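S.K.: For the sequence shown, this note's numbering gives the first residue as 652, with consecutive numbering after it.
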Amino acid sequence: MRTATLAGVSAQTLLEASAPPEEEEDQEQQPEGPQMTEGELKNGSRVEIFGLESESGKALNGQVGHIAGFLEEKGRYQVTLAPDKVVSLKPDNLKQLPAESGPTQESAGGADASGHVFQAGERVEVSGLESEAGRKLNERVGITKEFLADKGRWTIEMEDTKEVVSVRPANLSFVDKAADEGSGSSS
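(1) Would a C-beta distance cut-off of 8 angstroms place Glu810 and Ile794 closer than the cut-off?
(2) In whole angstroms, give me the CA-to-CA distance for Lys709 and Asp827.
(3) Using alpha carbons as the reference points, say which of Glu808, Leu703, Thr731 and Ile700 lies closest to Val775.
(4) By DSSP, does Asp743 sit in helix, in strand, or in coil?
(5) Taking the straight line between their C-alpha atoms, what separation do you get for Gln714 and Val737?
(6) If you check the beta carbons only, do Arg727 and Leu740 fall under 8 angstroms apart?
(7) Let me check understanding here. Comparing Cα to Cα, which of Asn744, Glu724 and Ser696 lies closest to Gly702?
(8) Any idea which residues DSSP pairs Ala733 with across the strands?
(9) Could you spell out where the beta strand (DSSP E) holding Arg791 opens and where it closes?
(10) Nearest to Gln770 by alpha carbon, out of Leu823, Ile700, Val730 and Glu704?
(11) Out of Leu788, Lys802, Arg804 and Glu699, which has the shortest C-alpha to C-alpha gap to Lys746?
(12) State the Cα-Cα distance for the pair Asn694 and Ala719, rounded to the nearest angstrom.
(13) Can you tell me whether Glu691 is helix, strand or coil according to DSSP?
(14) Does Ala710 come out as helix, strand or coil in the three-state DSSP assignment?
(15) Does Gly726 come out as helix, strand or coil in the three-state DSSP assignment?
(16) Cα separation between Gly785 and Ser817?
(17) Express the C-alpha separation of Ser696 and Gly716 in angstroms, rounding to a whole number.
(18) Just the Cα atoms here: how many angstroms apart are Leu722 and Glu691?
(19) To which residues does DSSP link Arg819 through a beta bridge?
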């Protein structure tokens with residue numbers, strides 16, 4: 652038998668029918684629009700979430716966070732929304748925002764040098780104060796209580812003295828989320 656036939660069907664027809672589908676079919680299922688890559692949004696970039704349609708996703712729309720990394724195998728960015736809240740999102744659901752500075756940063760509660768946006772109830776370390784009274788606060792740890800938007804400062808309750816002071820976000824560094832009451836010092 653020199654030519655292959657099966658039930659009167661030629662070898663060429665059999666080969667064509669058994670060939671894998673062309674790549675065009677796969678591409679039709681890909682979402683259209685600009686595809687961002689790891690290089691387009693750098694770690695620390697400020698982004699806004701939009702276009703999520705699931706019930707849980709809709710709650711994230713409009714939230715602002717910072718890029719924490721890119722998962723190449725998933726094609727998604729890791730976005731930090733709060734110290735204990737990181738979400739993984741497609742590039743098409745992220746809009747890069749201008750870097751925080753001046754009043755914009757202050758009205759949002761401010762951020763430390765790593766891009767962490769402060770929230771009430773977090774442990775922070777004071778640094779960089781130069782006045783005589785301020786230098787006494789440097790390297791001390793306290794808990795963020797309330798952001799005073801009109802002054803662009805956080806009220807901080809110092810852990811060691813319970814003294815309440817007012818400090819600009821630029822002079823605070825995130826330590827960790829405050830422990831529940833009664834935990835004392837933990838090292």
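Just so you know, even glycine gets a beta-carbon here, dropped at the ideal spot from N, CA and C. On a predicted model such as this, the values are computed, not experimentally measured, just so you know.
M.R.: On the basis of the supplied data:
(1) yes
(2) 28 angstroms
(3) Glu808
(4) It is helical.
(5) 12 angstroms
(6) yes
(7) Asn744
(8) According to DSSP, Ala733 bridges with Lys736.
(9) Taken as a continuous stretch (DSSP letters only), Arg791 belongs to no beta strand (DSSP E), as it is neither H nor E.
(10) Leu823
(11) Glu699
(12) 5 angstroms
(13) coil
(14) Residue state, collapsed to three classes: coil.
(15) coil
(16) 10 angstroms
(17) 8 angstroms
(18) Roughly 13 angstroms separates the two Cα atoms.
(19) BP columns for Arg819 are empty, so no partner.
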